Structures are given as structure tokens and as C-alpha cells.
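Chains as they are written, first to last, in our numbering: chain A, 111 to 427; chain B, 0 to 147; chain C, 58 to 1059. Heads up, the thing below is written out as C-alpha cells.
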């Protein structure tokens, strides 16, 4: 049960060392958030700034999102983030030798919606010292919460909690959780098309098309996203339900074979849409058809950049 | 529903299925007139967007057909296309597109009879699905009006 | 030969796949080609095939682009229904006399609508379907035929034979029928002649054993092929002819009319039957959904080509039974099916019922071809195949005459295609001074710049006589078209493709300042190039054109629903207008081509490439890793035909040394490679920099070092090449030896190396014959799995047996056992015929060691060309592009491609050179048109497009953004559909244009 401060110390030490050695010019990590239950991305460029780096049960954002185009950067990365970083190297977004990964074996991050459900009273302060629980403090109360009760969905089924391809680890390795069994996705098959459609229409009914999910996603580095295309303008700009659905479908396709289930998209969604459901449909297919998981090797070929002559596609007659 | 005549958008590759359709013509093999063909050089050109666009614009069905695996005029176009189709097919079916609305086939340029059989089958199955009310956009400017 | 009289034209006789390839290579290299074909159309035997082995490619799909290319080539004059009367003169200056037989159809008028055939009352056996169904007396040879023009069979037509009928003339909407057509004799001049008359399948009618003549359920393999074909008599249904039922059990009988001097006089192996039988078996099983048992009765399974052995294994895995036996009796059963009796090589007698027996008949030279050879003075072998030599494999006995395809021996399609290119090279080797003197060039006016102008669309709706107008209300389509945005002009035309319509189109474009043209007529696959040419003639960029296929896809298939057909035609026209309005003129750019070749590998293949290129006046740099030229051939004594390899090699090297066009870099390898087709820059490890337009990879392969059979551990065990070296040196070891054991398939055809090394059986049998001749008392044993002396090499096998060489078959699971016995050797082998173990004490054991690839992965990466799993370089297409790589400007030759004997190596080298000449001959190459382009502001540099491009046409530039090399792009659009941010766009098929079509469709 490493103390969070021990991990943070290790991160700071490494960060300072990397800056001092010139191996990195910037360390991308987390600092304390301005409101409780959050952290914020932080770019440390000096030894002093490194002291602001923290480790937390709320380090949800995937900082690999900040890598494309950068040089000499060290990244503080959970298992999923590190896999995203590998993907970005594979996809030429950053050269391998410009990247240094400070991996942090991770026992999962907290889903604030679950916290809110557990503790509806206003929260003034969070005290966290270890990675298995934290204490919520508010007007006249103090409650301890066990983290495993409020983990994000993606964290509960994370099989790659220890960053395998990190340049160093800031904490001891941790075992992976039982992988996603995709039970809900598989269960779709027993529903009628109409029921499935109703489910997905309901899922995205609150979508504002704010694109926060896209902005938080380390896969979405396109210079111009298809939603912003104008010639031809393919996707309507209003929130016509069909356009909204199309947005999620195409984003799902674009992430297929690349998504590391970091959950950043769901974390940032202001209306709590489980947007990963689209990705998970495809993740299941990618695993089943091509036995592929992204971000686990430096020289892997993403599934949509290759083929096998005997790829199975029974539905094509 | 019996007098419902579906509108189907078909995407054919130039070298195989479009050729099969040509040959079906030469052989005077009749099939229902419900689909409109968009000719592509290769199924590898088929962006998944095109399929979604067709549904969004109210197509009752979409039919995609190209060369058999291994026959691609561009060596590997249909192999790459097949991977995209596997994903797209899974995705659309999972979110509730009726399986019969979206059809994929491999038809070589010599298979005019297969072309006819599948053309009939596609139309029949889309007919059974009824009009596409679920996946069409509410408001649309149609056709050339938009280009203009 | 006086150089002033050299004629820059070539006669190619035979319009099959070989003739077509030779014609295309010559025409693309600056020679005018007369392509003479006896029948109504080109395409040959390949047009009859359903699928092709070992890739199961659809035969028609892969051949039809080639048919169209030949049919449209401005420098190929296609003479159908034509016989060659005589060829006089000498190389460089021949006079050819031909007779053009009447077609009775005016080709310039016929629109191939088929009305005539519908009305023709006379039914005739359809040769295309092997007489399994009928055609009419007026007909096209097959639906995709080129030229797609009807013809009348004068022997069957009632009008021509009896003066009655005449209904085709009455119904022809184009007035194309002319019963008074007469034969026409013409002469023309050529510099050389290529004969590619092809073969006929052996007719088993006279074979009583197989009962082909009287048993309905005994058919030939080509008949079966037609049953499998989607355009065949049963449209792909496999049936038992006697009662139309689906067979559940069928047999293939191999070597019918091949390897048989008792009943057929055909001692040779037909080379292709094992593979086509396996193919037909696999496809039939597929058609039957697994409910079909197939047995193949064979003598030796000869799957010796690239990927053939895997195909054989695949067939075994699919449950196809292989029985080693020559069937002695086939008896028709009373109702249906046949009973087949046979004896296996172990002596077991079998009798089995089959629904269907397919005779795998061989390839034979027809009496007509034999007569042609005689009249032209071409020497043939005893089987009427034209004679060639190992070192000039496509040259015939008469100077100036060359050949390709089955005319010189039985062979498969890729070998024929390879020879075709080789023949093109050889046939033009003496004609270089006359290159481009007779070829035509079309000059179009400079296109008017229409950028910035709003679209002004002109629409032409074709009646196609009654083909369209009888179903579709074309006037209504025109009225509708006039209401569409951007449409300036819309009109009906009778035949849009006729000469006068084309001329009118030109003047209307000018008159109405039309800048986009839509033709609603027939298929763009057949007619787009014609209309595009018309646009060009009118000064309009040819890409400002779109077609609506309202005939093939509409009037012809919705004849009984005119209202819907008309509505569909309106939609299709609207879709075409929508796309056309967004079309932009596409530029075709020219790039300079460096007229030099880099040839990697200085063996027989590489040296022949360089010399063949030199004949055409092109320079080469030959890069050889070793410190001397010649490669593996340095170790070989004689060829299977007995020619001295050493002498040949000496002469070859001398020629290279004396040739000012060839420079050689010894002890050199490829270092860095930059550039692309036309403009490569390669730095060699010696520091030398070579600028070249094309690259030919001829890096060879090596002999496997056996691990088994005491090789390397016993002095009396040697490999085949080592035996050759001993023989060349006159070594005592061979001199003194009395008993020889040859072991075949050492390292070949086994897990990990699942291919046949192709040359070893012939090499062994040849060596055995030579040894037996020089020392008749020698005891020679050949331990083999299947003897694969394909083609006329079978004669050697027969000779060896005649001389007393003993052949003992072994299986993979009971390999011969070698043991040292004192100073000598003892070899134990199980003889399946006697069922006993034999013990041999050879003085010398010779191992037919596999040929293994050098697995040049790094070289492949440098030139962006792939290797297959065995490490052989992987050609662009296994059937039709055997010496090209998918990457433009890259070619391959020799055993770096796959093991092959020397005659095939030389042919492949000449072929690679011929293909290279088609690039080198153009000082500037036109590129562009329908190709991809990248909008770099949208590009993230992720590399998806680079990875999915099948032609290596996309790379990342120094800013990490994608860039398309127009010279290499083929316009498939894979990049455009794979990019998440739509950075690539395929010109002519842009997202905007396709969205507009989708929108208009609904």
C-alpha cells in the first residue's frame, strides 16, 4: 500500500533528475486541483516547479493527450496513459527518443459521480494518504471512503495497471484486474434492433456535442476533426439526434484498435454519458477478431493498418 | 407494407461487382429497380462515412459489394476494406441497424447470376425491414439542391 | 540485314493471354503490333477458365482489363478472324500476307446490343462452353469479348448457307449486318514475328478405357471448368450430366493424353493438369458446401510452381483424396455415374463408384498449328512443340521468329505471360533502330482552362437504338435533366458512341461552352475512354466527364418496368450531374525518366537482363555481391538439354565485358536508396552512386545445406551442385563409383519449407542418364517422392528408366536411412511396390538439396518490395504480372522469385528487361489523373495512409506529413477511406463528389 506521498516523491526526484540531465525539457504530470476531488495537468520545466507534482486517487486525465508534437518530454503515466503514449509513438505523433515515460502502477482512479452518490453533502476537502482510501470532509462531517467502492468502470476492469513499457516505475508493480468481460455488449445480441437503438438513443440523449470527450482523448489529435469539416460539411452542426449518434459512431470507429480504455472521455463528459460504450463494441471485435490490444509494444501495427488474407468476415457473402 | 418500395444505395467497385452488374445487363437478367449505384474504383475507397451518410439521408438500405478476397485490382484494397467492414458492421448492428438493411457481398465480374440473386435478395430483405425511419435525419436538403 | 530496311513493327500471332502480353509490351516499347487472331475475339483459353490456381483468382476478372487495354491500344492493330498465309523476307524486314475472313458485321456500326442473337433461329453448339450448351449462328464469343462485336458463323447461318432467313439484318438497329462481306487478303511489313498460337485440350474420344465418348458422366476437365464457371451452361452449378443431379462423389483421372506413348503419342507431361485438377476439386467442394467427396487418381503429383505445394497441402487438408494409380477401367453404371477400377502401387485392387469422372486431359498442339509451323519453316519437336534452346528460350529455329506460351511446350499462365514479355524483348532486340518509327501518337488540342468558371453541364441521353429507348422514356429523362442545376444543354442521341455523334459532341461543347459532360448511356467500363477522348478532342480536360449507365444497369434489366426504369434513369442522370458539377480538371504531369537500369545480381538472370536492355540501347549497372559474375551457374555442368553451361557462361561474361552499355560493380551491394520510378538514386557499398529509372532484382538463391543423410559427415555424400563440380573436375570419386543413390526432396516439400524446388528431379534424371551413358554398368537408384519432370522433360525420365535407372518411391514419414558402413555407406529404404526394405551400398550418394531463398528483407525494404513467407520476392500478381513488383519501376528475375531451371531464368530475365523497357523507353512519363493527393493541413502524420497504400506511393516528408508520389499511385482510394481526418483525397472520386451522388440517389 504505497503512500501517495512516496510515489509523488519518486516522481519529483525523477522529474528533477531528467530535467537536470537534459533528458527532458518538460515533465508533464499532475498537480493538486483547485477544487476537491480533482487534479490538474501540470507542466514542470524547473526543479522548483517539480515540487508541485503530486500523485493522487483523482489523477484521471490522460496526460498522453499533451504529447503530440512535443520534444524532450517526460510523461507521468498510469498503465492506460502509458499505452496511449506507446500508441502515439507508433502513430508518429512523438518520436520514441523524445519521450520518457515515468510509469506509475495504478490501482484505479475515482469516479466522482459515484462519490457524489455516496456522499451527497457538499465536500470541502479531501484528505488522501494512501491509494486504497481517502477521507471526505465537509460542514460538520468527515467520512472515509474505500476507493474500490468508487472506482471508475474502466479502472475496475483494467488488466494493464502497471505500465509495461515505461522507462522507469515510480512505485512497485501491481497486478492487473480481471479484464472487461464485455457482458453488457455481448448481451446486446439478445436484444431486438429496436431495443438496441432505444438503448443507444437514451445513452446519448443528453449529449451537448461539446466535444469534451474528443478534446480529452489522446487519440484525437487530428488537425481538423471530422465534426469541423466544412467542404463537404458532412456532420450537421446542430444537435440533431442522428448527427449526434453519427458523431459517436464515427468517433468510435476512429478509436477502434487504438483505445486503451483510459476513460478520459467519460471523466470529462459534463452530462455523464458513458461514451465508451461505442468504443467497447469495437474493442471487443478487435480483441475477438484480431487478438489485438493497443499500446503493448513499440513495433505493433494497429489493426486498421494491416490485414490477414484470412480475416474472418462471415457476413460478407 | 406490401406496396413499400425501398430506396437502396449500392456501392460497387469498378472492377468486379460493377462489372457483374454490366454482365447482368448484357445477359438481360432482371432484378428489382430499387437501388442506385455509386461506382467506386475499389471497395477500399469506401469510407464508412458514405454508408452512414446514405442512412442519414434516408436510404432504406445500403449494399456494398466488391471483388472476392484475393481478386482486388489494387492488390489489397478489399482486404483493408474488409477490416473496416467488420468493424462497421459490428458497430451498426450493435446500435440497432437491422442486419438486413446493410448488406456486404463479394461478386466477381463473371458472376452475373450471383449479382441478380443478391440484388433480389437485398431488395426483398430491405423491404421486409420497412422504411428507414430510425436512422434518417429529420431535416434534409436533398440532392443537387445542396450541391448548388 | 541492312539497317535502313529495319521495320519497327512486329507480327504477333495468337490473341490468347501470351499473345496479348507480347503485343502490349511491344506496343508500349515503341513498336507497332499486328495482333492476328483466328477467332472472333481475343482472350484465348484463359477466357474459358473459372478460377486460376493457386490464388483462385477469378480468371475473367483479371484478364478483362488486359482485353480492354489491347482492344484500345492505338499501336495494336487487332486482326480478328484472320489467317496467316505467308511470311517472306528476313529478320528486320518481313512481308506478311494474311487473309481476313468475313465477319458479315460492320464492326464500326455494331453496338453489341444482342438483338440479332435474340432473333436468330439457328442454334449451334457453343465452343466457349465446350459445346455443353448452344449459341446462335450470329454471336459473340463470350460476354466480355474484345472486340465486343457480333459475327456470323458462315457455316451455320441460314441466310448464308440457304439464302433464307435474314432476320438479324431486319432487327439490327445499327444497320451493321452485311451478308455480302468477302474475305480480304492484305500484306504488311514487320521486323519480326512472335508465334503464340496456343493449344487445344486433348480430346479423349478415342480412349476406350475412359469411355468419354459413350459415358455421359465422364467429362473433360475443361468441360468441368465450364460447369464451375458463373457464365457456364449451368451458371456455376456442378451437375452430373446424365441426370442433372448434384454429384456427391467424383473422381479426377490424371494424365489423360499426357505421359502416354501407348495410346496418345504424347510422352510429355502437360505441366498444368495436377494443379488445375486440385483447383477444380477445391472449387467444386466449395460449390457443394462440403457435400462432395473428391478423389484424384494420379501417377505423380506435380505441384512444382510457386505456392503450388501449399495448394496441394490445402487440398489434402480439405479432404480431397489422392490415390496413386493409373485407372485401368471406367465403366458407366446403368442409370448414372461410373465404376472405376484401379490398382494401387502396392498392388491393391480397388473398385469404386463415382457420380462423375473428370478426365484431366493434357495440352496438345493442333493440326492447324502444326501446319502453320511447317508453312512458316519453324522446326518442332516430335510432339509438334516448337523447338527452342535453354539459352534462347523464346527464339525459334527460323531467324526473326520468336514464340511464347504453350506453342513451345506445356506451361501455365504465369510462365506463358513471362515468356510473352521475353518474346517481346527478343523480337525487338534487332529492331531498336526502328523504334517509334511506326507507332502513332494522338495529339489533342491544348485544353481550355475552365477553372473558376461555373459548371456548364451538357447531357447526352443515348437511345442506343432501341436498347434504351424501348424501355426508358428518354425524352422524359432529357426534360428532367434540363431542370437540374448547372445544366446548359440536354438532348437525346441515337447512338452516343457513333462517329457522327462524337463529332456533334465536339461542336456542341464548343457552341455551348460546355465544361462538364454527362452521357447517360452504357457502361463507363467499356465506353468512358471513348468519350474522354472526344472531350480531349474538343479541348476539354478529359476528366470533366461522368457517365450514367442507363443501359446495362437499367433498360436491359428492368425491361418490364418502364416507369421505374425511367425514374431510375432520371435518378442516375441526376447522380451523374451532381458528381460532374463538382469535378475539376485533373492535371497529368510529366516526369523525366533516367534511361538506366540498376540490376542487382550478376548471375545468369542479371546478366541477361543487362544484355537484353543493351539490345534496346539502354544502359545498366550490374551490382554483384561476389567477386566474380555468374552466380550459381558457375557450379552447373550441363543443362537438361545437354548444353555446356561453362561455355555459355564464358561467352556471356565476354559479351558483358565488351558491351559499352553495361558496367559491372563487383563485390558491391546496395547501400542507400532514394527516389522512385524514373528517378532512383542508389548508393552502393563501394561508394558509387547510380542514377537509374528502373531496378531489377535478380539476387538469386542458394543451395540448402542438408542436415540429414550424413551430409558433411561422410565424404561420399554430396549435393547435386557438388556432383556437378566433381563431374566438371573429372574427379576420381565419380569415376570410380559403381553404385549411385540419388535422394530427392532433401529439404524441400516438408514442414518449414513447404515448396518444391522445381529443378531437382530433372537435374537428377539428367545426371543419371549421363552417368548411365558413360558407364552402362553403373547401378543407379533414385529415391523420390514424386518425379516432377514436367513438360518435355518427361522424355528424360522415360529415357532414364529405359537405361535401367531404378526409381524407388519413399514417403515423408519413411525417409531413407543412411548409415556409415566402414568407409562406405549403407542406405535403407522401404519400397512400396514390393512392400520390403531394400539395402543399398552406394559408392556415392547425391542429395537433391532444396534451393533456399536468401531472404533479402533489407533489400526489399529499401526498394519497398515484399517477400513471401519462404523469403522469395513477391511479384505484383502471381498470374499476370510475374516479373513486375507492385511498386512501379521495380522488376524481378531469376530464382530470387522462385526456383526454376535455366531456360525459365533466361526467359524471365528477358521478360523483366522487356517490362523495364516499357518504362525506360519514354524519356518522360505521364503521371497523375485519377490519383490521390494530400491536404497537408489536415494531415497528422500518423502513417495510416502510408501503411494501407498497396503501391508504396505514399511516404512521410521531412515535416512528417504524408505526400503522394503520383508516379506510383494507382488511384484505389484506400488512403482516402482510411484517414481519420480526410487528409488524402482521391481525385475524380472525392468525398464531395461521392456525397453529392449519395444525396442525389435518394
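Backbone N, C-alpha and C fix where the C-beta goes; we use that ideal spot for every residue, glycine too. All of these numbers come straight from a predicted model, not from anything done at the bench.
Round the Cβ separation of residue i and residue j to the nearest angstrom and send it over; I've been treating them as touching at under 8 Å.
{"i": "residue 388 of chain C", "j": "residue 396 of chain C", "result": "5 Å"}
{"i": "residue 388 of chain A", "j": "residue 358 of chain A", "result": "5 Å"}
{"i": "residue 57 of chain B", "j": "residue 42 of chain B", "result": "Not a contact, Cβ separation roughly 23 Å."}
{"i": "residue 97 of chain C", "j": "residue 138 of chain C", "result": "6 Å"}
{"i": "residue 196 of chain A", "j": "residue 224 of chain A", "result": "With 8 Å as the limit, residue 196 of chain A and residue 224 of chain A do not qualify as a contact, their Cβ atoms being about 29 Å apart."}
{"i": "residue 282 of chain A", "j": "residue 269 of chain A", "result": "Their Cβ separation, rounded to whole angstroms, is 18 Å, which puts residue 282 of chain A and residue 269 of chain A out of contact at 8 Å."}
{"i": "residue 36 of chain B", "j": "residue 20 of chain B", "result": "7 Å"}
{"i": "residue 467 of chain C", "j": "residue 329 of chain C", "result": "6 Å"}
Under three-state DSSP, which class holds residue i?
{"i": "residue 69 of chain C", "result": "strand"}
{"i": "residue 545 of chain C", "result": "strand"}
{"i": "residue 102 of chain B", "result": "strand"}
{"i": "residue 739 of chain C", "result": "strand"}
{"i": "residue 195 of chain C", "result": "strand"}
{"i": "residue 147 of chain C", "result": "strand"}
{"i": "residue 298 of chain A", "result": "helix"}
{"i": "residue 398 of chain A", "result": "helix"}
{"i": "residue 162 of chain A", "result": "coil"}
{"i": "residue 437 of chain C", "result": "strand"}
{"i": "residue 77 of chain B", "result": "helix"}
{"i": "residue 173 of chain C", "result": "helix"}
Can you tell me which residues form a DSSP beta bridge with residue i?
{"i": "residue 896 of chain C", "result": "C:885"}
{"i": "residue 577 of chain C", "result": "C:518, C:605"}
{"i": "residue 50 of chain B", "result": "According to DSSP, which records beta bridges pairwise, residue 50 of chain B is partnered with nothing at all."}
{"i": "residue 868 of chain C", "result": "Looking at the DSSP assignment, residue 868 of chain C forms no beta bridge with any residue, so it has no partner."}
{"i": "residue 965 of chain C", "result": "Its beta-bridge partners do not exist; DSSP assigns none."}
{"i": "residue 389 of chain C", "result": "C:395"}
{"i": "residue 982 of chain C", "result": "C:648"}
{"i": "residue 475 of chain C", "result": "Paired residues: none, contrary to the question."}
{"i": "residue 151 of chain A", "result": "A:140"}
{"i": "residue 381 of chain C", "result": "C:355"}
Indicate whether at least one CB of chain B lies closer than 9 Å to the CB of residue i.
{"i": "residue 304 of chain A", "result": "yes"}
{"i": "residue 219 of chain A", "result": "no"}
{"i": "residue 114 of chain C", "result": "yes"}
Any Cβ of chain A within less than 9 Å of the Cβ of residue i?
{"i": "residue 53 of chain B", "result": "no"}
{"i": "residue 59 of chain C", "result": "With a pLDDT of only 44 at residue 59 of chain C, under the threshold of 50, the placement of this residue in the model should not be trusted; the figure read from the coordinates follows. Chain A contact via Cβ: absent."}
{"i": "residue 6 of chain B", "result": "no"}
{"i": "residue 69 of chain B", "result": "yes"}
{"i": "residue 414 of chain C", "result": "no"}
Does any CB atom of chain C fall closer than 9 Å to the CB of residue i?
{"i": "residue 91 of chain B", "result": "no"}
{"i": "residue 328 of chain A", "result": "no"}
- Members of the segment 8-30 of chain B that neighbour chain C once the beta carbon cut-off is set at 8 Å: 8, 13, 14, 15, 17, 18, 20, 21, 22, 23, 24, 25, 26, 27, 28, 29, 30
- Message: Counting only Cβ-Cβ distances shorter than 8 Å, please list the residues of the segment 382-410 of chain A near chain C, keeping chain order.
- Response: none
- Query: What residues in the segment 354-386 of chain A have a beta carbon less than 7 Å from any beta carbon of chain C?
  - Reply: 364
- Of the residues that make up the segment 336-347 of chain A, which ones have a beta carbon closer than 8 Å to any beta carbon in chain C? 336, 339, 341, 342, 344
- Message: By the 7 Å beta-carbon criterion, what residues does the segment 1016-1046 of chain C contribute toward chain A?
- Response: 1017, 1035, 1037, 1038, 1039
- Message: Give me the subset of the segment 177-206 of chain A whose CB atoms are less than 8 Å from a CB atom of chain C, sorted by chain position.
- Response: 178, 201, 202, 203
- Item | Residues in the segment 85-112 of chain B having any Cβ partner in chain C nearer than 8 Å | 107, 108, 109, 110, 111, 112
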